[in-house]
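Read in order, the letters of the sequence shown are residues -23 to -1, 1 to 241 in mature numbering (1 follows the signal peptide of the UniProt record, and there is no 0). Note that CB positions come from ideal geometry on N, CA and C, so glycine has one too. Note that this is a predicted model, so its numbers are computed, not measured. Here is the structure we will look at.
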Amino acid sequence: MIQPTRKLLLLASALLWPCFANAVTPKTDTTASLQQAVNGPGRSAENRARDRYRHPVETLQFFGIQPHMTVIEIAPGGGWYTEILAPFLRDRGHLIEAGSPKFADTIKAHPAMFGNIEKVVPFAPPLQVNLGKPGSADMVLTFRNTHDWLNQSPETLAVVFKSAFQVLKPGGVFGVVEHRAKPFSDAVESAKALHRIPEDYLIELGLKTGFRLAGVSQVNANPKDPEDINVHRLPPNLAGPDSEHAKLQAVGESDRMTLRFVKP
């Protein structure tokens, strides 16, 4: 049963969503720079093939990124978004990676692409969660990682949100992209079984942390995704039996929420 407080929070969010859920982010002078970074010669053909599912230009525009910002990317993984953020912020901004210290090896291996990254901050919640000096960042971004922290514990995910809140300047943006579960499903169970989180759970957590929900975009939505299967069975992994590959190729990558939180 949904608690009364949660009901009120979700009702308030529901009233706000129609105002911005399908809003088109106005084109700015950053569009050409973002597109140039996406078209960069250093990006692999494999990564470029995923642009049609991950919509990097539209996603980063929705978050409001600007080339002069100090941006922290949490848990970059293989660096799919890093290879776009790094050239975009190269001349005027600052990019900080928060994750495994081993990512420094990736930077060294690709100096032309990543050589301007300011530093790699060790980040391994719940033990290592300091993203930097409080109030020092304009934007914190994380892409499809929140289910991993929830799989450790709800408290681990909560401390990640708190860390993002603390490091941001007033007015700073916390941008989150995550695989979407069915509305109001059990977040812990769906994260473990499907690597998905219901959108209402992350919105409620953001509000509890102190953020204001400034925008919900459907730019990474996929209505073909039934939201009841493990995301790794979908492209690009196709981890299930061969017999289902053709069907799931037609579905495409997972349905994803794209949330913009702002620190008041």
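Assuming residue i contacts residue j (C-beta within less than 8 Å), just tell me the rounded distance between them.
i: Ile42; j: Met116; result: 6 Å
i: Ala168; j: Leu127; result: 4 Å
i: Gly183; j: Phe138; result: 6 Å
i: Ala14; j: Pro64; result: 5 Å
On a CA-only basis, which of the options is nearest residue i? Give me that one, please.
i: Thr59; options: Asn93, Gln38, Arg69, Tyr30; result: Asn93
i: Ser194; options: Gln38, Ala141, Leu134; result: Gln38
i: Pro103; options: Val97, Ala86, Thr123; result: Thr123
i: Leu62; options: Ala86, Ala101, Thr7, Val98; result: Thr7
i: Ala170; options: Ala135, Gly152, Asn207, Thr186; result: Asn207
i: Glu35; options: Ala164, Val154, Ala22, Ser162; result: Val154
i: Asp163; options: Pro131, Phe188, Ala191, Glu230; result: Pro131
i: Lys240; options: Ala114, Leu108, Phe100; result: Ala114
i: Arg157; options: Gln12, Ser21, Leu236; result: Leu236
i: Pro231; options: Ile174, Thr186, Gly192, Thr83; result: The displayed chain sequence assigns Ser, not Pro, to residue 231. Nearest option by C-alpha distance: Ile174.
i: Pro111; options: Thr47, His209, Ala9; result: Thr47
i: Glu50; options: Arg20, Val98, Pro33, Arg27; result: Val98
i: Val196; options: Gly17, Pro18, Asn24, Asp28; result: Asp28
i: Gly56; options: Asp68, Phe80, Arg69; result: Phe80
Could you give the DSSP three-state label for residue i: helix, strand or coil?
i: Ser162; result: coil
i: residue 316; result: The chain is shown only over -23 to 241; residue 316 falls outside these bounds and no answer can be derived.
i: Glu35; result: helix
i: Thr2; result: Unreliable positioning characterises Thr2 in this predicted model, as indicated by a pLDDT of 42, which lies under 50. A coordinate reading is not provided.
i: Glu50; result: strand
i: Ser194; result: strand
i: Gln43; result: coil
i: Gly183; result: helix
i: Leu211; result: coil
i: Pro241; result: coil
i: Val228; result: helix
i: Phe151; result: strand
i: Leu104; result: coil
i: Lys110; result: coil
Could you pull the DSSP bridge partners for residue i from this structure?
i: Lys96; result: Ile73
i: Ile174; result: Arg157
i: Thr123; result: DSSP output for Thr123 lists no bridge partner at all.
i: Arg189; result: Val239
i: Arg233; result: His156
Margin query: Using a Cβ distance threshold of 8 Å, determine whether the stretch 213 to 224 contacts the stretch 184 to 202, with at least three qualifying pairs required.
Written below: no
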